[in-house]
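Participant: Chains as they are written, first to last, in our numbering: chain A, 1279 to 1619; chain B, 1279 to 1619.
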DNA sequence: CTCAAACTATAGCTAAAACCTATAGTTTTC
DNA sequence: GAAAACTATAGGTTTTAGCTATAGTTTGAG
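#1: Per DSSP, what kind of secondary structure is residue 1453 of chain A in: helix, strand or coil?
#2: So, at 8 Å on beta carbons, what are the nonlocal neighbours of residue 1314 of chain A in its own chain, with the 5 sequence-adjacent residues on each side left out?
#3: Check whether the region 1455-1475 of chain A touches the region 1535-1542 of chain A, taking contact to mean three or more Cβ pairs, one atom from each stretch, closer than 8 Å.
#4: Suppose you measure from the CA of residue 1398 of chain A to the CA of residue 1413 of chain B; what does that come to, to the nearest Å?
#5: Look up residue 1395 of chain A in the DSSP assignment and say whether it is helix, strand or coil.
#6: Can you give, in chain order, each stretch of the beta strand (DSSP E) that sits fully within the region 1345-1400 of chain B and has at least 3 residues?
#7: Please compile the residues from chain B whose C-beta is within a distance smaller than 9 Å of the C-beta of residue 1512 of chain A.
#8: Would you call residue 1491 of chain B buried or exposed, if buried means 16 or more other Cβ atoms sit within 10 Å of its Cβ?
#9: Would you please state the rounded distance, in angstroms, between the beta carbons of residue 1550 of chain B and residue 1361 of chain B? I believe it to be under 8 Å.
#10: Report all residues from its chain with a CB closer than 6 Å to the CB of residue 1464 of chain B; omit the five preceding and five following residues, and keep chain order.
#11: If you draw a straight line from the C-alpha of residue 1555 of chain B to the C-alpha of residue 1512 of chain B, how long is it?
#12: Please list, in chain order, the chain A residues whose beta carbon lies closer than 7 Å to that of residue 1360 of chain B.
#13: Taking just the CA atoms, how far does residue 1280 of chain B sit from residue 1335 of chain B?
#14: How should residue 1423 of chain A be labelled, buried or exposed, when 16 other C-beta atoms within 10 angstroms of its C-beta is the threshold for buried?
#15: Could you give the distance in angstroms between the alpha-carbon of residue 1440 of chain B and the alpha-carbon of residue 1293 of chain A?
#16: Across the region 1516-1525 of chain B and the region 1378-1389 of chain B, are there enough close Cβ pairs to call them in contact, namely three or more that are closer than 8 Å?
#17: Look at the alpha carbon of residue 1446 of chain A and the alpha carbon of residue 1531 of chain A, and state the distance between them as a whole number of angstroms.
#18: If we cut at 9 Å on Cβ distances, does residue 1589 of chain B have a partner in chain A?
#19: According to the Cβ coordinates, are residue 1468 of chain A and residue 1514 of chain A closer than 9 Å?
#20: May I ask you to list the residues that DSSP assigns as paired with residue 1315 of chain B?
#21: What does residue 1356 of chain A reach in chain B if we use C-beta pairs closer than 9 Å?
#22: Within 10 angstroms of its Cβ, does residue 1540 of chain A collect 16 or more other Cβ (buried), or is it exposed?
#23: Closer than 8 Å by C-beta to residue 1347 of chain A: which residues in its own chain qualify, once you throw out the five before and the five after it? Chain order, please.
#24: How many angstroms separate the CA atom of residue 1387 of chain B from the CA atom of residue 1442 of chain B?
#25: Give me the Cα-Cα distance between residue 1570 of chain A and residue 1428 of chain A, rounded to the nearest whole angstrom.
#26: Ignoring anything shorter than 3 residues or poking outside the region 1454-1517 of chain A, list the beta strand (DSSP E) runs there in chain order.
#27: Are the C-beta of residue 1443 of chain A and some C-beta of chain B separated by less than 9 Å?
#28: Have a look at the DSSP bridge pairing and note the partners of residue 1548 of chain B.
#29: Quick one: is residue 1337 of chain A buried, meaning 16 or more other Cβ sit within 10 Å of its Cβ, or exposed?
#30: Exposed or buried, what is residue 1499 of chain B when buried is set at 16 or more other beta-carbons lying within 10 Å of its beta-carbon?
#31: For residue 1300 of chain B, name the three-state secondary structure that DSSP assigns.
#32: When you compare only the Cα positions, how much space is there between residue 1312 of chain A and residue 1306 of chain A?
#33: May I ask which residues mark the beginning and end of the beta strand (DSSP E) holding residue 1537 of chain A?
#34: Is it buried or exposed for residue 1448 of chain A, if we count other Cβ within 10 angstroms and need 16 for buried?
#35: Which of the three DSSP states is assigned to residue 1554 of chain A in this structure?
#36: Would you kindly report the start and end of the unbroken alpha helix (DSSP H) that includes residue 1281 of chain A?
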């Protein structure tokens, strides 16, 4: 059984005439007659009675048609759902993002994305950078917003923006200045993230550069919790400045710049290089970059898309139909192939 | 889109491995790879991610698979219902039969047929011979039991048995003998069927042969009604002897043989020569002939079946797979074609 | 770290399938 | 009775789908 035979069969059933059915599916009448005959031989029964000029379905033909029609409808729907996915008219996008990035970046980003693609089901998971990497590798995530660099051979990364870390102290703590040297941290009780967090590692690295061993009095994994602990006077902390400034109206904290050296890191996008990215992921990445630009008035590199193979490329139009096998018309999965003379 | 591509796709989705999928559908791995690629190009998206040795469905692939699976199931069911029809495991048979034949022939016939083919939906319509012919021509009837000969070029007929007509008189009517000449009918009041009925025409013809003009005092279309009228003394009638004898225990009537000449006619099967007859119709016809044999202990000619084209013929088995294109395995509509050396 | 195994994609060739036009054969309509 | 309408067959051409060989990449074992 071939799909072309099903299409020819449905056309004959509709027209009750081989010649007109052949015209509809764009083949010659003998070609269609041969294919109907082949289908009948394969099934072992006549599907049509040829009574003079009348062509009518046999009982077998009537039974066959019900299922054949349903099958073709399923295949049409299969093509359609794929088409809608391509046009971002359906689908799901799973994004992993840093907890610190989650609050001030994601909200405006999600809002803009949903305005443009209301039919895409967006899931955003706030998690540590290392979990983002493993989530991408395990195909749980489509795209990630995490700390760079990522030295993983199967990942492609796109830098978005540089993020500075700042010292965050309770309002009651007397620092005496809006800028302080990294060396001055030696005397401060600090509330930091756990050791396996990238942010914590980064802080350790910057402190080591300044010859300082941070005095950690409390470890918490949640940035929200860290800020609450600092507000209550448990100690100070070092967190991304942008993250904290987005929360200042709700807390009574001091933001103190650090220097000598100034701790900073790159935040960017990451995805599996060889994994096919749908339209939703590509558009999300593009929107990320534009949103960064808007938030910082700074340009970002354009994300390069896709596989080497151009899946949407079209064969060139031909001026006359070839003598050989024509393709079936699109839309009904039966189409005419034309080629340049 | 081709059915083979759908089958290959489902195999890859199941195995998550091109090589093993190719083995299942009995083609080489490069052949399958090419077909999957062609399907992906036609749809304009990847259906699988090839991640090192892992092959996983993309989101498009997952959506496509749901509908593809349903489509294949519908096509399997299409083939199956046709197969069941061929094995008389399903279907409908519409039989037209003479009213007079209906009572004594149909009941044992239907009983035997239903015993052998319980799944066939049998419809029996008692109607005049001329309606049977037009019903066959209009595809309302599959087969008919009617009076022969039928001089219609598109009909094939099979004689079943010869039926004699007899004079049926009320018990109160003094005939004086168990046999009477056709000429003696001249003086009898007769209850006959309407003029357009074949039986009536036949009676007119036989009377004309004997030079008798029948004195019709009542016309009724129902043989039951005719017998009731005769029983009440309205007159005598001429009906098939077998029909009346099957009813004698319930009526007080005389059956008188007619001779000089003896009126008789042939009852047989009729069907459209060029219309495909399913298994049910063929078996019904064969059963008719065997039932006639049993009722009369007389042999009948065997019904010759079908079209010149042998639709159920099988291609001979081959000893080794050919180098060319293998067929897909049956049962999954994927099969291997083997041919003799 | 290297090599072999496991895997998919491409190249080139061959066989089979599906197409075409021409036309034979039958039926129907004027 | 003839022409038109229709399907089926014949023979040739074009296209497709198969094959084997192998290129290229990734993974796992030693």
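We put the CB at the ideal spot given by N, CA and C, even for glycine.
What you are looking at is a predicted structure, and each value in this text was computed from that prediction instead of being measured.
Facilitator: Concretely, from the data shown:
#1: As a first step, residue 1453 of chain A must be located in the first chain, where it is residue number 175. Reduced to three states, the DSSP call for residue 1453 of chain A is coil.
#2: Stepping through the first chain from its first residue, residue 1314 of chain A is reached at position 36. Cβ neighbours of residue 1314 of chain A beyond the five flanking positions: 1283, 1286, 1287, 1290, 1296, 1325, 1326.
#3: yes
#4: Sequence index remark: in the first chain, residue 1398 of chain A carries index 120 (1-based). Sequence index remark: in the second chain, residue 1413 of chain B carries index 135 (1-based). Between residue 1398 of chain A and residue 1413 of chain B, the C-alpha separation is close to 58 Å.
#5: Counting from 1 along the first chain, the entry for residue 1395 of chain A is found at position 117. If DSSP states are grouped into helix, strand and coil, residue 1395 of chain A belongs with coil.
#6: 1370-1375
#7: As a position in the first chain, residue 1512 of chain A is number 234, starting the count at 1. Those within 9 Å of residue 1512 of chain A in chain B number zero; the least Cβ separation is about 45 Å.
#8: As a position in the second chain, residue 1491 of chain B is number 213, starting the count at 1. With fewer than 16 other Cβ atoms within 10 Å, it is exposed.
#9: Taking the first residue of the second chain as position 1, residue 1550 of chain B is located at position 272. Taking the first residue of the second chain as position 1, residue 1361 of chain B is located at position 83. Contact doesn't hold; Cβ gap of about 24 Å is too wide.
#10: Numbered from its first residue, the second chain carries residue 1464 of chain B at position 186. 1490, listed in sequence order.
#11: As a first step, residue 1555 of chain B is located in the second chain; it is residue number 277 there, counting from the start. As a first step, residue 1512 of chain B is located in the second chain; it is residue number 234 there, counting from the start. Their Cα atoms are separated by approximately 45 Å.
#12: The count along the second chain starts at 1 and reaches residue 1360 of chain B at position 82. Ordered by position in chain A, the residues that pass the 7 Å Cβ test against residue 1360 of chain B are 1321, 1323, 1338, 1341, 1342.
#13: By one-based count along the second chain, residue 1335 of chain B stands at place 57. By one-based count along the second chain, residue 1280 of chain B stands at place 2. Taking the straight line from one Cα to the other gives about 19 Å.
#14: Residue mapping note: residue 1423 of chain A aligns to position 145 of the first chain, counting from 1. Buried, because 16 or more other Cβ atoms sit within 10 Å of the Cβ of residue 1423 of chain A.
#15: Along the second chain, read from residue 1 onward, the residue named residue 1440 of chain B stands at position 162. Along the first chain, read from residue 1 onward, the residue named residue 1293 of chain A stands at position 15. Looking at the two C-alpha atoms, the distance is approximately 44 Å.
#16: yes
#17: Sequence index remark: in the first chain, residue 1446 of chain A carries index 168 (1-based). Sequence index remark: in the first chain, residue 1531 of chain A carries index 253 (1-based). Distance between the alpha carbons of residue 1446 of chain A and residue 1531 of chain A: 7 Å.
#18: Counting from one through the second chain, the residue named residue 1589 of chain B turns up at place 311. In this predicted model, residue 1589 of chain B has a pLDDT of only 32, less than 50, meaning its place in the structure is not dependable enough to derive any value.
#19: The residue given as residue 1468 of chain A occupies position 190 in the first chain. The residue given as residue 1514 of chain A occupies position 236 in the first chain. Contact flag set, yes.
#20: Start at 1 with the first residue of the second chain, and residue 1315 of chain B comes out as number 37. Paired residues: none, contrary to the question.
#21: For this step, residue 1356 of chain A is matched to residue 78 along the first chain. Ordered by position in chain B, the residues that pass the 9 Å Cβ test against residue 1356 of chain A are 1279, 1284, 1321, 1341, 1342, 1343, 1344, 1345, 1346, 1348, 1349.
#22: One-based indexing of the first chain puts residue 1540 of chain A at position 262. It is exposed - the Cβ of residue 1540 of chain A has fewer than 16 other Cβ atoms within 10 Å.
#23: Here residue 1347 of chain A refers to the residue found at position 69 of the first chain. Hits under 8 Å: 1288.
#24: For this step, residue 1387 of chain B is matched to residue 109 along the second chain. For this step, residue 1442 of chain B is matched to residue 164 along the second chain. Those two C-alpha atoms are separated by around 21 Å.
#25: Start at 1 with the first residue of the first chain, and residue 1570 of chain A comes out as number 292. Start at 1 with the first residue of the first chain, and residue 1428 of chain A comes out as number 150. Rounded to the nearest angstrom, the two C-alpha atoms are 20 Å apart.
#26: 1457-1459, 1467-1470, 1493-1497
#27: Looking up residue 1443 of chain A in the first chain gives position 165. Chain B contact via Cβ: absent.
#28: Your numbering for residue 1548 of chain B matches position 270 in the second chain. BP columns for residue 1548 of chain B point to B:1422, B:1435.
#29: Indexing the first chain from 1 puts residue 1337 of chain A at position 59. Burial call: buried.
#30: One-based indexing of the second chain puts residue 1499 of chain B at position 221. Residue 1499 of chain B should be labelled exposed.
#31: Position 22 of the second chain, counted from the start, is the residue given in the question as residue 1300 of chain B. It is helical.
#32: One-based indexing of the first chain puts residue 1312 of chain A at position 34. One-based indexing of the first chain puts residue 1306 of chain A at position 28. For residue 1312 of chain A and residue 1306 of chain A, the distance between alpha carbons rounds to 10 Å.
#33: Locating residue 1537 of chain A in the first chain gives position 259, where the first residue counts as 1. Residue 1537 of chain A -> beta strand (DSSP E) spans 1531-1537.
#34: Along the first chain, read from residue 1 onward, the residue named residue 1448 of chain A stands at position 170. Buried is the call here.
#35: Position 276 of the first chain, counting from 1, holds the residue named residue 1554 of chain A. In this structure, residue 1554 of chain A counts as coil in the three-state DSSP scheme.
#36: The count along the first chain starts at 1 and reaches residue 1281 of chain A at position 3. That run of the alpha helix (DSSP H) goes 1281-1293.
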